[in-house]
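Residue numbers (this note's numbering), protein chains in the order written: chain A, 33 to 408; chain B, 33 to 408.
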């Protein structure tokens, strides 16, 4: 099939790397020059709302998917009137607005932190009354990698953050969580669903740095709760493709934070740690194949390469370290690649992760760790 | 690095799919239009001895490799005078001529079937005296997929085959082998070597149809013999890259048949059955990384898709079946893709292979099997 991808970044790159062996050809709509996916198909260099480019995609593709959730609604609607757009545009609408997303969770009976809209300064008091303090004030739209949000400890601080972020905000109770988890799931056009194990994620400066899968210490019951929760969201959205739900684990309970209607950084370990990656499963799902239930040979980890490249030859020389570069020009805070780690038990993966981590420029000494589930 | 590949077929395609995540960019020299590797880099559409195209490669690449052994010697020499050509051109010379190849085996103390050159009708008697009957008469050059050879049972038959094949032949004793095995190995520029397990191969009409890895019933001693043999060849050729040695197993002994100085169809299972594939190891080796010792999670199998496509959706829907298509127009005898099979023990892999095999058009009922090591 001819697959068009809105966005030509590393996610599009890895989608194509997974989809080309299945016999597909790729086209990317991507405004920035020389994008990471550029070697893997045709690039339409145009804005995401360029009518000519959208018309060309409608002619030249059999199915459209996307690698980020901020696809303009009008673009999605234009395309969806002409050919399948998967995941369905409803998934974009439901996840572009954090308030709509939280309300969907609530309607579906999925636990979240207490939240409240903040549309005006007058609403701030009611919002903080609903959430309590400390709270997180965030933009309803376009936030990513920790941008567009701040933790506040007082009404005065909240007012100041509100003034700086502008209108269209959301307040949430700051959750004193034990750790951040995520679940990556896929649903086929036929409704078949598969789930990857809960993954433990570590952020710094709002950017994912490290993931471990399966997250250590997760009971089958907790995994079942997460699968049920992700499954419920997918059913509600009549979903096809891969979806990730970011979660907080607090006192043994899972709170939903947000949904990404796409392949997700916390699922990159599946390229080496599962027999079918999230990228292959996304392509399978949007092209009409059933997603494949992933099999894991053992635990895996993923370390992001952020801002600056390490000695990539030294990384690649470490047994069990699998290098994935995105062909991007280094810039502070930019995700340039990742390293997947496999082989042996959790202790062995942890030891390999430690060796790789030590080679990553700009990262603090010592892997990020959850006290109760530290890297061994 | 900028990697140029001579040839843009499925092997070039899979080299690029493995090399792009390592941060490399690919250019292919390929005379035929719309080649399988065409989506994965720049294609120079020119003959392999085109001076302009070779000059462009010399300018635009950091290293040159190839996906087939019949690279014109003059092209290899031209490029090797200007940039690294790996595996080294000596490997091409040693393997383009089956007589030179057998003589190399003999010099290295590697057992082969008795052989003798047949340069003229007058030499046929001496050749058959050396080999005995039945014998195989084959061209010294350019044979592939069983083309350019015939089994003969009498001097008359031999004379007739000689007349049809023309000059430049080789006679070999027909080996009453139990099965065909191969070993895929990699050697880095620094001399580091890694080996995949011996693989059992099944041909029909001279075309590989099925492989199993590890070949069942192989003792550690036999694996060691094969590694020693492949290692000896790599040292002799001062090799960098992946190399495959095709072998006959006869009465517990290995006889070398031929060497392929490249990634090899019998190593395609490594894409799903090993944590580092032959393609990644080839790219690693020619770009200066050490090859990675492969880890296998369990047994694997590979079934080629030859001549006609199956219902690819039905194949891909079978759990444990991994589809790899080459984006080629179907034609009788043409390799269009392959299916790797993983998951569970040998019996489970065999059962999955049986299900996939039943979907492959034109294949006889029942998987090919070695009586003593049948698919279970």
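All C-beta atoms, glycine included, are put in the ideal place defined by N, C-alpha and C.
Environment of residue i [buried if 16+ CB atoms lie within 10 Å]
{"i": "residue 91(B)", "result": "exposed"}
{"i": "residue 179(B)", "result": "exposed"}
{"i": "residue 381(A)", "result": "buried"}
{"i": "residue 213(A)", "result": "buried"}
{"i": "residue 299(B)", "result": "buried"}
{"i": "residue 304(B)", "result": "buried"}
{"i": "residue 267(A)", "result": "exposed"}
{"i": "residue 396(B)", "result": "exposed"}
{"i": "residue 188(A)", "result": "exposed"}
{"i": "residue 194(B)", "result": "buried"}
{"i": "residue 364(B)", "result": "exposed"}
{"i": "residue 359(A)", "result": "buried"}
{"i": "residue 60(B)", "result": "buried"}
{"i": "residue 150(A)", "result": "buried"}
{"i": "residue 186(A)", "result": "exposed"}
{"i": "residue 106(B)", "result": "exposed"}
{"i": "residue 379(A)", "result": "exposed"}
{"i": "residue 388(B)", "result": "buried"}
{"i": "residue 139(B)", "result": "exposed"}
{"i": "residue 79(A)", "result": "exposed"}
Where residue i falls: helix, strand or coil (DSSP)
{"i": "residue 179(B)", "result": "coil"}
{"i": "residue 149(A)", "result": "strand"}
{"i": "residue 125(A)", "result": "helix"}
{"i": "residue 102(B)", "result": "coil"}
{"i": "residue 321(A)", "result": "coil"}
{"i": "residue 282(B)", "result": "strand"}
{"i": "residue 191(B)", "result": "helix"}
{"i": "residue 115(B)", "result": "coil"}
{"i": "residue 265(B)", "result": "helix"}
{"i": "residue 91(A)", "result": "helix"}
{"i": "residue 354(B)", "result": "strand"}
{"i": "residue 75(B)", "result": "strand"}
{"i": "residue 227(A)", "result": "strand"}
{"i": "residue 363(A)", "result": "coil"}
{"i": "residue 257(A)", "result": "helix"}
{"i": "residue 109(B)", "result": "helix"}
{"i": "residue 315(A)", "result": "helix"}
{"i": "residue 275(A)", "result": "strand"}
{"i": "residue 401(B)", "result": "coil"}
{"i": "residue 292(A)", "result": "strand"}
{"i": "residue 197(A)", "result": "helix"}
{"i": "residue 341(A)", "result": "coil"}
Bounding residues of the alpha helix (DSSP H) (the contiguous stretch that carries residue i)
{"i": "residue 134(B)", "result": "130–139"}
{"i": "residue 334(B)", "result": "Unbroken run through residue 334(B) is the beta strand (DSSP E), 332–338; no alpha helix (DSSP H)."}
{"i": "residue 270(B)", "result": "Counting along the chain, residue 270(B) falls outside any alpha helix (DSSP H), and DSSP gives it neither H nor E."}
{"i": "residue 344(A)", "result": "344–348"}
{"i": "residue 162(A)", "result": "156–163"}
{"i": "residue 304(B)", "result": "302–305"}
Start-to-end residues for the beta strand (DSSP E) that takes in residue i
{"i": "residue 211(A)", "result": "211–219"}
{"i": "residue 60(B)", "result": "57–61"}
{"i": "residue 369(A)", "result": "367–373"}
{"i": "residue 383(B)", "result": "Counting along the chain, residue 383(B) falls outside any beta strand (DSSP E), though it belongs to the alpha helix (DSSP H) covering 378–389."}
{"i": "residue 171(A)", "result": "167–171"}
{"i": "residue 38(B)", "result": "34–38"}
{"i": "residue 47(B)", "result": "Unbroken run through residue 47(B) is the alpha helix (DSSP H), 42–51; no beta strand (DSSP E)."}
{"i": "residue 245(B)", "result": "239–245"}
{"i": "residue 231(B)", "result": "231–236"}
{"i": "residue 202(B)", "result": "201–205"}
Heavy atom of the ligand HEM within 7 Å of residue i beta-carbon
{"i": "residue 361(A)", "result": "Summarising the ligand content, the structure contains no ligands, and the ligand HEM is consequently not present."}
Taking contact to mean at least 3 C-beta pairs separated by less than 8 Å, is the stretch 261–278 of chain A in contact with the stretch 121–131 of chain A? Note that the stretch 261–278 of chain A touches the stretch 121–131 of chain A; at least 3 beta-carbon pairs, one per stretch, sit closer than 8 Å.
Cβ contact (3+ pairs, closer than 8 Å) linking the stretch 305–325 of chain A and the stretch 247–265 of chain A: Touching, no, given that fewer than three Cβ pairs across the two stretches are closer than 8 Å.
Is it a yes or a no for the stretch 280–288 of chain A touching the stretch 154–170 of chain A, going by three-plus beta-carbon pairs under 8 Å? The stretch 280–288 of chain A and the stretch 154–170 of chain A do not touch, with fewer than 3 CB-CB distances between them shorter than 8 Å.
Quick test of the definition: if touching needs 3 or more C-beta pairs under 8 Å, does the stretch 321–336 of chain A touch the stretch 221–238 of chain A? Proximity of the stretch 321–336 of chain A to the stretch 221–238 of chain A meets the contact definition, three or more beta-carbon pairs being nearer than 8 Å.
Quick test of the definition: if touching needs 3 or more C-beta pairs under 8 Å, does the stretch 360–376 of chain B touch the stretch 58–69 of chain A? They do not touch, by the three-pair rule.
Please confirm if the stretch 308–315 of chain B is in contact with the stretch 71–87 of chain B, defined as three or more CB-CB distances below 8 Å between the two stretches. The stretch 308–315 of chain B vs the stretch 71–87 of chain B: no contact.
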